[in-house]
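For the record, the sequence lines run as chains A and B. Those letters in the first sequence? Residues 1 to 311, by the UniProt record's numbering. Those letters in the second sequence? Residues 1 to 254, by the UniProt record's numbering. The structure appears below as structure tokens.
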Amino acid sequence: MEPAIVIKDLKKSFGDKKVLDGISLTIPKGTIFGLLGPNGAGKTTSLRILSCLIEPTSGEVTILGHQISKNKEEIRKKIGCVTESPGVYDKLSLMDNLEFFASCYQIPKAKRASRIEYLLRQFDLWERRNDPAGRLSKGMKQKLSIVCAILHDPEVLFLDEVTANLDPVSTRKLKDLIRDWAASGKTIIFCSHVLAEIDELCHEFAIIKGEVIRLTTPQKFREEWTTYNVLLDVGSDSQKSEQIIKASEEVEEYKRTEDQFHLRVANPKTSNPQLIKKLVAADITVNYITPISVSLEDSYLSLLNQEKEAI
Amino acid sequence: MPGFVILREWKELFATRSVLITNLAAPFVILVVALITTVFAQNGKMEFVLNLMKLTNPLLNMAGADGHIAIARFYFLLFLIVPAMIPLTFATTSIIMEKMTGTLESVLVTPISTKEFLFGKVLAYSLPSIALTWVVQLIFLGFIFTTFDNASEYFSIVFILAMILLVPFISIISVSLSVIVSSKVDNVAAAQQFGAILVLPIIGLAVSQVIFLSMMSNPVIYLGLVTIFAVVALILFQISIKLFDREHIISKWK
Chain A
1 MEPAIVIKDL KKSFGDKKVL DGISLTIPKG TIFGLLGPNG AGKTTSLRIL
51 SCLIEPTSGE VTILGHQISK NKEEIRKKIG CVTESPGVYD KLSLMDNLEF
101 FASCYQIPKA KRASRIEYLL RQFDLWERRN DPAGRLSKGM KQKLSIVCAI
151 LHDPEVLFLD EVTANLDPVS TRKLKDLIRD WAASGKTIIF CSHVLAEIDE
201 LCHEFAIIKG EVIRLTTPQK FREEWTTYNV LLDVGSDSQK SEQIIKASEE
251 VEEYKRTEDQ FHLRVANPKT SNPQLIKKLV AADITVNYIT PISVSLEDSY
301 LSLLNQEKEA I
Chain B
1 MPGFVILREW KELFATRSVL ITNLAAPFVI LVVALITTVF AQNGKMEFVL
51 NLMKLTNPLL NMAGADGHIA IARFYFLLFL IVPAMIPLTF ATTSIIMEKM
101 TGTLESVLVT PISTKEFLFG KVLAYSLPSI ALTWVVQLIF LGFIFTTFDN
151 ASEYFSIVFI LAMILLVPFI SIISVSLSVI VSSKVDNVAA AQQFGAILVL
201 PIIGLAVSQV IFLSMMSNPV IYLGLVTIFA VVALILFQIS IKLFDREHII
251 SKWK
């Protein structure tokens with residue numbers, strides 16, 4: 001797939017403080033790409049470099065075929081950026097804010113009115129269009145800042161903690177929109193501390209801590225940190241059950257807790273029916289058997305702990 | 001021409017009417033004081049004011065019976081403080097507030113150039129102060145020329161023209177300095193302090209020019225000063241663009 005963003009050995013220092021120490025990533029077009037990392041890991045700095053706000057110390061970034069060191073103006077026309085704190089003018093009305101940003105993005109006047117109305121309606125802000133932005137709730141302001149950033153229909157969108165102030169309904173709506181944008185070929189870089197969101201939305205993600213310490217997909221990452229992937233509950237005769245489980249070739253590893261067994265099997269879809277057959281044949285009541293997986297958050301925390309121990 | 005930046009700045013200004021009115025009232029206060037002082041001095045009712053002014057301005061000693069017109073000329077020059085003071089206050093606050101509220105970051109990711117953004121800000125704050133000063137200067141000139149027969153002896157065409165032309169340049173110098181200050185300090189409090197401290201030398205400079213100019217009558221000196229101010233304004237604006245370091249403001253401001 002054609003890359004939207006190519007980052008090569010990106011380094012950034014502020015004085016003596018090294019924030020990024022050689023980040024390299026290739027993000028294909030139409031991807032929702034997550035950026036994760038502990039506080040101070042360099043996520044915001046990375047986003048600021050990608051959105052042409054600050055210069056890298058060394059390394060190169062290419063966005064949609066344009067090198068950031070050579071063609072910032074062209075890149076700025078094609079990107080949108082939403083930060084955690086909504087950067088909108090409180091004293092201006094929603095319409096005035098959007099008119100201003102439409103001018104910044106050089107949107108032709110003929111197209112502005114319809115585009116603004118469409119987006120304000122999409123984000124349920126149309127009724128408040130003449131109110132000063134300062135009178136909006138935090139969530140509504142966040143929605144306004146999203147509208148400001150996507151006015152020009154950017155091909156690459158940087159979203160930094162965008163759902164922080166949104167209510168569950170708006171969050172759901174935004175997630176659906178993000179999926180739609182990606183489906184239409186837009187590339188989304190999504191930063192969030194809510195790992196469930198990364199899990200739910202992102203096709204791929206990178207964990208950074210000055211450098212990329214992991215580049216993977218949410219599913220692969222969870223699997224990597226999952227010791228047991230099946231939970232089996234038997235009604236009685238757990239000793240007999242244990243003997244069968246121990247002898248069963250489908251089970252790679254297991255842990256018993258009274259009548260429950262945590263199992264690691266190669267493929268739950270094919271292994272579970274086989275195991276049930278064996279247990280039932282031995283007159284053992286199977287209450288339930290269900291796949292289990294660790295959350296992305298657990299996996300992420302395990303990785304960070306491992307990193308910490310390695311240091 | 002960054003008309004949309006100017007328009008946005010003005011809309012924000014109009015939304016904070018109390019600050020706007022306070023600042024816009026200042027030149028009219030100076031105008032009223034100038035008119036009252038000149039009229040009273042003419043009627044000999046404010047001799048003590050005239051005597052006080054004679055201490056700072058030797059020209060008045062030479063003026064003799066025309067002391068009141070000399071006072072008028074002094075006040076006419078004093079209006080030059082307006083284009084220095086008003087935009088400086090607004091421009092420094094404007095950049096600080098943009099950083100504090102996060103709008104600066106939102107704007108700087110758009111294709112707008114630094115030059116366009118800053119030029120918009122400079123014009124947004126310079127234009128009203130220039131217009132205001134010219135209005136005040138015009139009202140005062142109207143008063144002088146309709147009240148005093150020998151006004152043209154003290155208010156030659158070249159002198160008036162020089163004073164009018166100085167207004168935009170002083171204003172641009174003032175805004176450019178405020179941009180330079182906003183770009184170089186690393187926090188809001190320091191920016192505000194520097195802004196305030198910067199007001200004093202600029203006003204000091206304006207006042208010293210007032211006194212200096214009020215003693216001169218050579219048109220070449222007037223036009224020379226206009227040229228110097230024009231060059232300084234242009235250089236400072238260019239410096240302010242160069243020093244408006246997006247990275248410093250974005251990453252180091254608290």
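Glycine residues also receive a C-beta, built at the ideal position from the N, C-alpha and C atoms.
Sequence-distant partners of I32/A (beyond 5 residues in either direction) whose C-beta falls short of 7 Å from its own C-beta, in its chain, are I178, A182, I188, F190, L201, C202, H203. If you draw a straight line from the Cα of K111/A to the Cα of A102/A, it comes to about 10 Å. The alpha helix (DSSP H) runs lying completely inside the stretch 124-209 of chain A and spanning 4 residues or more are 138-150, 168-183, 195-201, given in chain order. For K91/A, the secondary structure class from DSSP, reduced to helix, strand or coil, is coil. At a beta-carbon threshold of 7 Å, none of the residues of chain A lie near K184/B; the nearest stands roughly 16 Å away. In the three-state DSSP reduction, Q106/A falls in the coil class, being neither helix nor strand. When DSSP states are grouped into helix, strand and coil, V109/B belongs to the coil group. According to DSSP, I27/A shares a beta bridge with I5/A. For E116/B, no CB of chain A lies under 7 Å from its own CB, so it is not counted at the interface with that chain.
Between the stretch 65-73 of chain A and the stretch 20-27 of chain A there are fewer than three inter-stretch CB-CB distances shorter than 8 Å, so the stretches are not counted as touching.
The beta-bridge partner set that DSSP reports for G80/A consists of L157/A. In this structure, L177/B lies away from V226/B, with their beta-carbon atoms at least 7 Å apart. G65/A is classed as exposed because its beta carbon has fewer than 16 other beta carbons within 10 Å across all chains shown.
Proximity to T45/A across S13/A, Q67/A, I68/A, S69/A peaks at S13/A, based on C-alpha coordinates.
Residue pairing of S58/A in beta bridges, as defined by DSSP: K11/A. Annotated three-state conformation of G22/A is strand, per DSSP. Where K11/B is concerned, the enclosing alpha helix (DSSP H) starts and stops at 3-15. The bridge partners DSSP lists for Y288/A are D233/A. Between the alpha carbons of L236/B and S18/B lies a distance of about 30 Å. The beta carbon of I96/B sits no closer than 7 Å to any beta carbon of chain A. Interface with chain A (7 Å Cβ-Cβ cutoff): I112/B is included. Along the stretch 94-106 of chain A, going in chain order, the ones with a CB nearer than 8 Å to a CB of chain B are D96, E99, F100, F101, S103, C104, Y105, Q106.
Between V234/A and V286/A, the C-beta spacing is below 7 Å.
CA-CA distance, E117/A to D153/A, rounds to 14 Å. What K11/B touches in chain A, judged by beta-carbon distance under 7 Å, is L92, D96, going in chain order. Three or more pairs of CB atoms, one per stretch, sit closer than 8 Å, so the stretch 93-102 of chain A contacts the stretch 120-140 of chain A.
The Cβ atoms of I63/A and I5/A lie closer than 7 Å to each other. Contact check between the stretch 79-92 of chain B and the stretch 287-298 of chain A: fewer than three CB pairs, one atom from each, fall below 8 Å, which does not count as touching. The C-beta of K78/A comes no closer than 7 Å to any C-beta of chain B.
Taken atom to atom, the span from the alpha-carbon of A266/A to that of E224/A is near 13 Å. Taking C-beta atoms as the reference points, F143/B and A151/B fail to come closer than 7 Å. Assignment of beta-bridge partners to V265/A by DSSP yields V251/A.
For V107/B, the residues of chain A that pass the 7 Å Cβ criterion are C104, in the order they occur in the chain.
R112/A has no beta-bridge partner at all, per DSSP. Nearest to G120/B by C-alpha distance, out of G134/A, F100/A, K138/A, K109/A, is F100/A. A contact is defined here as three or more CB-CB pairs under 8 Å, and the stretch 211-219 of chain A fails this definition with respect to the stretch 47-60 of chain A.
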